[in-house]
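Engineer:
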Amino acid sequence: MAELQMARLQEERAAEEMQMREAAKGRWVILVSVPHVAHDEFHFPPGTELRLNFGAPPFASRITVPRRIAPDRKAIDNYPYLAAADERHGRLLLYATQGPDPEPRPALDAFYLRPLGVHHGFAKAYFICDTTTREASRLPDPDHPFAILHPGNVGLLCYSISFYVAELQPAPASRTATLLLYRSDSDAWVDEELSYPPHGRPWGGNGVVSHQDRLWWVDLSYGLLTCDVVYGDDPPDLRYVPLPQDSELPAGTPDLEKRRCVGVSAGRLRYVQIDDDEHDGDPIVRMWTLLDEDAGEWGFDCAASFVAIWDDEAYKATKLPRQVPAVALIHPTGPGDVVYFFLRSRIFAVDVRARRLLEWRFFEMLHPPMRYHSSQFVRAWNLPTLFQ
């Protein structure tokens, strides 16, 4: 029986390698941020903690991890999360709470729609997942009194023999922020107290983008914070970049990940926003490119009303309703001004400048449930050259 199981796992590993080679022909994938969780003994060859299932866009790509890495039940208030994906060396940064293994173990990888509240007090951990070796390594916990707080505020920078994990912990009341920085070469965390440019305003924590060897912390209601955590000043100089004019919203505005997104496209930092047209009230999607980070200058690229998109013959052929979708991601390589959207169980791409639907597919993302699908739960991952 053990030999048959090992043979099956080897065949599945070979199939994964083939999937990756096929996906790499397109050079990027749409990576689902909430991984599947499987029982260790049934799904993973000895010495591995990672399974890969890749597909060319617009199909979903996902990873599976063993329950020993993500032991806790998934619910809308707690779930394992891929916080960052390295485009150079194939490393992924995974966040997961480390509570007791649920008894009895659930037979299926379920997701509870209501908050469970049971994870409060559980240890929080980061793992580096190496997609080339299929190994996952837990990072050491920061020294007291510091602790991991928010996977939406952590970024990853990778180099050939080292990597850096940086979590920003704003303290608006003191107008400072603590930068927790893990260096793989020393296998230790260091902390720096930085000046916090938003002063007393809370930070939204809508993710972190790696661009030009810098990290960019995103608050979709307010703007970006950026610094060079590797080669910059000591302590790093945290700079504030506002969103385009008239885009600021009150702190804590809900569901912004469905209407806004920041991403890197063709080597440029770009921003997408859905709102209502100021003249006729029709919903409209707009795109900008960051031109000058020091001046906080964004260049307006294009806009399209959803009425025009819905009237496109290619959109009509999908039989999708005339409903405003949720933003998924910005096409990472171009060409053009292409944005992906979620609507019901589908994902579709639109050339915003041309107001034309390019492609659509059913999107296999079970976790979280469809009502929560947004830019928070997928990321465009340019595949490392080692996969290509």
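Counted the way UniProt numbering counts, the sequence shown spans residues 1 to 388.
Virtual Cβ for every residue (Gly too), placed ideally from N, Cα, C.
Here the structure is a predicted model, which means the values were calculated and not measured.
My assumption, with CB atoms under 8 Å, is that Glu135 sits in contact with Thr48. Please give the rounded CB distance.
Structural biologist: 7 Å
Engineer: Here's the rule: buried if 16 or more other CB atoms are within 10 angstroms of the residue's CB, otherwise exposed. What is His199?
Structural biologist: exposed
Engineer: Around the C-beta of Glu257, are 16 or more other C-beta atoms found within 10 angstroms, so that it is buried, or is it exposed?
Structural biologist: buried
Engineer: Give me the Cα-Cα distance between Val241 and Pro45, rounded to the nearest whole angstrom.
Structural biologist: Rounded to whole angstroms, Val241 to Pro45 spans 46 Å at the Cα level.
Engineer: Going by beta-carbon coordinates alone, are Arg361 and Pro58 separated by less than 8 Å?
Structural biologist: yes
Engineer: Identify whether Ile284 lies in helix, strand or coil by the three-state DSSP scheme.
Structural biologist: It is a strand residue.
Engineer: Run the CB neighbour count on Tyr315, radius 10 Å, all protein chains shown included, and call it buried at 16 or more, exposed below.
Structural biologist: buried
Engineer: Within this structure, are the beta carbons of Ala349 and Glu364 separated by less than 8 Å?
Structural biologist: With contacts defined by Cβ atoms closer than 8 Å, Ala349 and Glu364 do not form a contacting pair.
Engineer: Are the Cβ atoms of Ile330 and Gly223 separated by less than 8 Å?
Structural biologist: no
Engineer: Thinking just about the alpha-carbon of each residue, which of Thr318, Ser247, Tyr231 is nearest to the one in Asp275?
Structural biologist: If we check each option's Cα against that of Asp275, Ser247 comes out closest.
Engineer: Just list the residues that DSSP pairs Asn78 with in beta bridges.
Structural biologist: Ala75
Engineer: Extract the residue ranges of the beta strand (DSSP E) inside the segment 141-215, only unbroken runs of 3 or more that lie entirely within it.
Structural biologist: 154-158, 163-171, 176-183, 188-195, 208-211
Engineer: Helix, strand or coil for Tyr222, going by three-state DSSP, please let me know.
Structural biologist: coil
Engineer: Could you tell me which of Leu31, Arg214, Val190, Pro254 sits nearest to Ser221, measuring between CA atoms?
Structural biologist: Pro254
Engineer: Should residue 421 and Val272 be called a contact, given that it needs their Cβ atoms to be closer than 8 Å?
Structural biologist: Past the edges of the chain, shown from 1 to 388, lies residue 421, and the structure says nothing about it.
Engineer: By how many angstroms is the C-alpha of Thr97 removed from the C-alpha of Phe306?
Structural biologist: 40 Å
Engineer: Going by C-alpha to C-alpha distance, which of Ala38, Ile30, Asp109, Leu92 sits closest to residue 397?
Structural biologist: Since the first residue shown for the chain is 1 and the last is 388, residue 397 is missing from the structure and cannot be characterised.
Engineer: So the alpha helix (DSSP H) Ala317 belongs to, where does it begin and stop?
Structural biologist: 313-318
Engineer: How many Å lie between Gly55 and Arg175 at the Cα?
Structural biologist: 44 Å
Engineer: Taking 8 Å as the limit between beta carbons, can you name the residues of its chain near residue 433, skipping five residues before and five after?
Structural biologist: With the chain represented from 1 up to 388, any question about residue 433 goes unanswered, as that position is not in the structure.
Engineer: With the cut-off set at 8 Å, would you say Ala208 and Asn153 are in Cβ contact?
Structural biologist: First, the residue type needs correcting, since residue 208 is Val and not Ala in the sequence shown. Yes.
Engineer: What are the residues that DSSP puts in a beta bridge with Pro242?
Structural biologist: Gly223
Engineer: Is the beta carbon of Leu386 sitting closer than 8 Å to the one on Thr133?
Structural biologist: no
Engineer: Between the Cα of Ser184 and those of Phe163, Pro369, Cys227, Asp143, spot the shortest distance and give me the residue it belongs to.
Structural biologist: Phe163
Engineer: Can you give the beta carbon distance from Leu243 to Leu225, rounded, assuming they're within the 8 Å contact cut?
Structural biologist: Actually they do not touch by this definition, with Cβ atoms about 12 Å apart.
Engineer: Straight-line CA distance for Ala83 to Ser210?
Structural biologist: 11 Å
Engineer: Taking the Cβ atom as the reference point for each residue, do Thr289 and Arg270 lie within a distance shorter than 8 Å?
Structural biologist: yes
Engineer: Mind checking who Pro66 pairs with in its DSSP beta bridge?
Structural biologist: DSSP lists Ala38 as partners of Pro66.
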